[in-house]
Amino acid sequence: MPQFYLRNFACDPERKKIRTLAKNGDYAVWAERSIERLGFEKDLYVHSYAGIPVSVEEAINRSVETPISQSDTWAKIQSDRTYALDRSDKPVLYALIRHLEARTPHYLASQSELAQLAGQADSDIPFSDEEKEHYAEMRANPGLTKEIFNYMSASADWTEAAYRGCGITVVRTAKPLRASTTPVLVTGAPEHPALRLPLPGMVPFMYNLVVNPTTLVNLVLADFDDAFLNVEQGEDFRLGMNRHFMGQFGHFPRVRHMITDAGEELARDMTWAHYRLLKGSDRKMVFHRPADWTPSVSTTIECKPAAS
């Protein structure tokens with residue numbers, strides 16, 4: 075997880091600490107944590123080529139993250155001037171979202187799961203013949219999944235074809251939004267004929283990235299010409315997005331940290347996610363959810379999506 079991103083959510087003047095809810099088995103603990111430790115992922119960006127370990131950490135920094143973090147776009151985000159983000163910032167925002175989408179343990183695990191599903195005759199996912207061939211190669215070569223993951227983490231080349239026609243909306247809120255160390259949250263999108271849905275039965279979706287405590291950037295892949303909006307949204311939108319991040323945290327095993335403040339809103343949403351507060355203070359909150367928990371009633375997440 076890049077530290078330049080995490081520092082936007084720092085809770086101390088030195089920008090070395092961050093408040094997160096961390097999952098550990100059946101427990102979840104809210105506390106302050108070190109950004110340096112949170113951003114370290116041992117050997118995640120190392121794969122084997124001809125039996126030799128290859129690290130792409132330097133390539134990630136040189137080719138992707140340093141150019142983004144030194145851009146005028148990032149300067150606006152870092153200095154709380156997201157109201158000034160405009161169409162000229164669209165390429166950097168797009169690259170940031172696609173990069174942070176792909177460089178997480180959750181994404182790596184998802185690719186491995188898709189490879190297995192593509193080999194099942196009764197899979198509910200309508201894989202194309204090209205995808206089936208691709209995933210068959212990944213199953214035949216276990217190291218290939220990690221190699222592809224590292225290529226995607228260290229380069230933006232794979233994102234270029236989908237850039238044309240995408241729609242980006244900057245959404246600003248009055249109060250803080252949650253974020254995650256699996257930072258790009260995929261949610262449903264309204265039906266629109268311009269959306270790119272290459273496979274039959276695909277549900278419209280959009281990417282959401284919180285870039286600082288009160289700003290979310292929304293991306294849809296579509297044929298929208300050069301669509302860009304910068305808008306304010308109210309409390310219903312903020313609460314809905316925060317509930318989405320709670321759902322992500324509660325559902326996916328590899329989503330380890332949710333960046334969030336404490337307080338009544340967190341306690342309420344943790345109850346919604348079937349966690350029970352064991353103890354709480356201004357410095358630490360401990361929640362528990364049994365491993366065999368099952369929802370007693372159906373729950374839904376309501377969120378008014380940003381227009382694009």
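Using my numbering, read the sequence shown as starting at 75 and increasing by one per residue.
We put the beta carbon where it would ideally sit given N, CA and C, even for glycine.
Helix, strand or coil at residue i [DSSP, three-state]
i, result
"S355", "coil"
"K383", "Missing from the structure shown is residue 383; the chain here goes from 75 to 382 and no further."
"F361", "strand"
"S370", "Bear in mind that a pLDDT of 49 at S370, under 50, signals an unreliable position, so the number given afterwards is only what the model happens to contain. In the structure shown, S370 sits in coil (DSSP, three-state: anything other than H, G, I, E or B)."
"V329", "coil"
"A84", "strand"
"R107", "strand"
"S143", "helix"
"S162", "helix"
"V138", "helix"
"E115", "coil"
"F223", "helix"
CB contact flag (residue i, residue j, <9 Å)
i, j, result
"K285", "L170", "In the sequence under discussion, the amino acid at residue 285 is Val, which differs from the Lys named in the question. Cβ distance < 9 Å, so V285 and L170 count as in contact."
"R317", "A248", "no"
"G239", "D299", "yes"
"G324", "H348", "yes"
"L118", "T94", "no"
Residues of its chain near residue i, where Cβ-Cβ distance is below 7 Å and the 5 sequence neighbours each way are ignored
i, result
"R330", "A96, K97 and T255"
"A341", "L351"
"T178", "T256"
Nonlocal neighbours in the same chain, by C-beta distance under 6 Å from residue i, ignoring five residues either side
i, result
"R350", "H362"
"K90", "I109"
"T147", "D163 and V166"
Strand pairing of residue i, partner residues [DSSP]
i, result
"Y101", "N98 and H362"
"L290", "V245 and V284"
"T261", "M280"
"R350", "H362"
Own chain residues within Cβ distance below 8 Å of residue i, not counting five before or after
i, result
"V245", "T289, L290, V291, N292, V305, E306, Q307, F311 and A380"
"D160", "F302 and N304"
"Y168", "T233, Y237, C240, I242 and L293"
"A365", "G99 and D100"
- Message: For the stretch 210-226 against the stretch 174-192, do three or more pairs of beta-carbon atoms, one drawn from each stretch, fall closer than 8 Å, so that the two count as touching?
- Response: yes
- Query: Are there three or more Cβ pairs, one per stretch, closer than 8 Å when the stretch 319-329 is compared with the stretch 256-267?
  - Reply: yes
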